[in-house]
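Chemist:
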Amino acid sequence: MSTSANWGFVSAIAGSAAALEKDLREETYDTKTRGRQRLPAARPAGEGRYLVALLNGQLHLSYALELPERPSEVQRAFKIAPQASFALSVKNPEKPSPPGLGLGQDQEPDYPDRLQREFRGRRFAREDIKLLDVQGAEFILVGARTDPEKAYNIDLDVEKEDERHSEMLRELKMAKSRHPIEPLFSGEWA
12 MSTSANWGFV SAIAGSAAAL EKDLREETYD TKTRGRQRLP AARPAGEGRY
62 LVALLNGQLH LSYALELPER PSEVQRAFKI APQASFALSV KNPEKPSPPG
112 LGLGQDQEPD YPDRLQREFR GRRFAREDIK LLDVQGAEFI LVGARTDPEK
162 AYNIDLDVEK EDERHSEMLR ELKMAKSRHP IEPLFSGEWA
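Reading the sequence shown from the start, the letters are residues 12 to 201 in my numbering.
Take a look at the structure:
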């Protein structure tokens, strides 16, 4: 069991798979001080099954990788284990972030009153997944289990996949010309 913590945030909310794929494409933009800048396209580093569940008043995110078949350098760099489970808590934007962590005030979420009440004045909420449906939502993942299927008696229904049968590539319509897929299948950098 690992108790390492990972901080994250919701960078975008998309209404469809096509809109999400478009947000993941390469982007160029101009700045006054550094000129033209290039943000590379997103590259998939893993595909698998996941489950978000509320257990004893705590949200948990569990996953099991389907691709790559054998995790390699990319997955190690991003600390993507073949399977894991995390306790998931959402940060209250009205409370300060720990030093060196968190988004700036201009990037923090603006929750509607009904969702903000879910925090009940606490620094973190751990019961309502809807808090993640807001751009800028910040969360912390604390390692809970390395074998979620056994620990929580769940079946993540992992399937053998390959490039022709990848659900993610099919659902997001990710063109290989726009999104290098080597990390997904070989575990190597693209």
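Quick reminder that beta carbons are idealized off the backbone N, C-alpha and C, glycines included.
1. Would you identify the three-state DSSP class for residue 12, choosing helix, strand or coil?
2. Hey, how far is the Cα of residue 140 from the Cα of residue 72?
3. Measuring CB atoms only, is the stretch 41-51 touching the stretch 62-80, in the sense that at least three cross pairs come out at less than 8 Å?
4. Tell me, which residues are paired with residue 41 by DSSP?
5. How would you call residue 105, buried or exposed, if buried means at least 16 neighbouring beta carbons within 10 angstroms?
6. How many Å lie between residue 17 and residue 152 at the Cα?
7. Can you give the Cα-Cα distance for residue 109 and residue 46, rounded to whole angstroms?
8. In angstroms, rounded to a whole number, what distance separates the CA positions of residue 142 and residue 36?
9. Since I believe residue 25 is in contact with residue 146 (beta carbons under 8 Å), could you give me their beta-carbon distance rounded to a whole number of angstroms?
Modeler: In short, the structure shows the following:
1. Position 1 of the sequence shown, counting from 1, holds the residue named residue 12. For residue 12, the pLDDT reaches just 45, beneath the cut-off of 50, and the residue's location in the model is therefore unreliable, leaving the point undetermined.
2. Here residue 140 is taken as the residue at index 129 of the sequence shown, counted from 1. Here residue 72 is taken as the residue at index 61 of the sequence shown, counted from 1. Those two C-alpha atoms are separated by around 10 Å.
3. no
4. Residue 41 sits at position 30 when you count from the first residue of the sequence shown. DSSP output for residue 41 lists 47 as bridge partner(s).
5. As a first step, residue 105 is located in the sequence shown; it is residue number 94 there, counting from the start. It is exposed - the Cβ of residue 105 has fewer than 16 other Cβ atoms within 10 Å.
6. Here residue 17 refers to the residue found at position 6 when the sequence shown is read from its first residue. Here residue 152 refers to the residue found at position 141 when the sequence shown is read from its first residue. Their Cα atoms are separated by approximately 5 Å.
7. Along the sequence shown, read from residue 1 onward, the residue named residue 109 stands at position 98. Along the sequence shown, read from residue 1 onward, the residue named residue 46 stands at position 35. Rounded to the nearest angstrom, the two C-alpha atoms are 33 Å apart.
8. For the purposes of this step, residue 142 is taken as the residue at position 131 of the sequence shown. For the purposes of this step, residue 36 is taken as the residue at position 25 of the sequence shown. Cα to Cα, the separation comes out at about 26 Å.
9. Here residue 146 refers to the residue found at position 135 when the sequence shown is read from its first residue. Here residue 25 refers to the residue found at position 14 when the sequence shown is read from its first residue. Residue 146 to residue 25, Cβ: 10 Å. No contact.
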